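Asker:
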Amino acid sequence: MANEPNKVTLLDQSGNPLFSVAESHHESLNNKGSEKTRSIRIEGPVNCVVTCFDDQEFRMGQNSVQITKIVGGPVVVPIAQNFVQGQQKNGVFMGTTSTYKWQFNKAIEQKWWNTLVTGGWEAVKAWLTSEKVYDYVSLGGGVDGYVSKLNGSTSDNNHVDNLSSIKFGI
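Residue numbers for the sequence shown follow my numbering, so the first one is 166 and each next one is one higher.
As C-alpha cells, this is what we get:
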C-alpha cells in the first residue's frame with residue numbers, strides 16, 4: 166500500500182530503540198517488551214500511516230492513536246504522552262504538529278470504525294458530526310474532538326501507554 170511506512174522503531178523513555186517492525190503486527194507485541202515503548206520513530210513516505218493500539222488484534226475498546234506523517238524525514242511521536250489534557254470522555258480527538266497529524270481514539274466502538282477510517286479524516290469528521298451520539302468539542306490549540314453523549318465517564322488516560330499491536334496503512 167502506498168500509505169504504509171517502511172519501518173517503525175519502538176523507543177524507550179531515553180529514546181533508545183527497543184525493536185523495529187517492517188509490517189503490521191496484529192498479535193500482541195508485549196512479549197517483545199513493547200510495554201516499555203514511550204515513542205515511535207516512523208520512517209517512510211509522506212502521508213504514510215501508522216496506528217498504535219493499547220490492545221492486541223487492533224481492538225478499539227482501549228486507546229489507540231493513528232499517526233499520518235506529513236514530512237519527508239523520519240518522525241518521532243511520543244505516544245505515551247497525553248494527546249489531549251485533563252479529564253476527557255470517550256471519543257475521537259484530532260490534531261496536527263509540524264511533522265505529523267494525529268487522531269487519538271479513546272475507547273471507541275470497533276463495529277463501525279474499520280469501514281469508516283479508510284475514507285480519511287474528513288470522512289471520519291463528517292460521520293461523527295452526523296451522528297446523534299457524539300458532541301463536537303474544541304480543546305484549543307487546533308485540537309478538535311467528538312465525545313460520546315452516551316457514556317458520561319471521564320479519565321485522564323489520553324495516550325497509548327502499553328503498545329500491544331501496530332497497524333501499517335489504513
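Backbone N, C-alpha and C fix where the C-beta goes; we use that ideal spot for every residue, glycine too.
Owing to the predicted nature of the structure, the values given are computational and were not obtained by experimental measurement.
1. Could you please give the first and the last residue of the uninterrupted beta strand (DSSP E) stretch that includes E182?
2. Excluding the 5 residues preceding and the 5 following D309 in the sequence, name in chain order all residues of the same chain whose CB lies nearer than 8 Å to its CB.
3. Kindly provide the ranges of any beta strand (DSSP E) runs that are 3 or more residues long and lie completely inside the segment 230–312, ordered along the chain.
4. Measure the alpha-carbon distance for Q246 versus V298 and round it to whole angstroms.
5. Name the DSSP beta bridge partners of S320, please?
6. With a cut-off of 8 Å, do at least 3 Cβ pairs link the segment 228–235 to the segment 180–198?
7. Nearest by alpha-carbon distance to Y311: which of C213, S263, T294, V242 is it?
8. Among S313, S318, N171, L315, which one has its Cα closest to the Cα of G209?
9. Leaving out five residues before and five after G307 in sequence, what residues of the same chain have Cβ atoms less than 7 Å from its Cβ?
10. From L194 to S329, what does the alpha carbon distance come to, in whole angstroms?
11. When DSSP labels each residue in this structure, what does D201 get in the three-state scheme?
12. Going by alpha carbons, who is nearest to I331 out of D177, L175, C217, E169?
13. Starting from I331, trace the beta strand (DSSP E) in both directions and tell me its first and last residue.
Answerer: The relevant details are as follows:
1. Rather than Glu, the amino acid found at residue 182 in this sequence is Pro. That run of the beta strand (DSSP E) goes 182–186.
2. F258, M259, G260, K290, Y301, V302, S303
3. 240–242, 256–261, 265–271, 299–305
4. Between Q246 and V298, the C-alpha separation is close to 27 Å.
5. Q253
6. no
7. T294
8. Among S313, S318, N171, L315, the Cα nearest to that of G209 is on N171.
9. G260, T261
10. 5 Å
11. In the sequence on display, residue 201 carries Lys and not Asp. DSSP places K201 in helix when its eight states are reduced to three.
12. Looking at the Cα atoms, C217 is the closest of the given residues.
13. First-last of the beta strand (DSSP E) with I331: 330–333.
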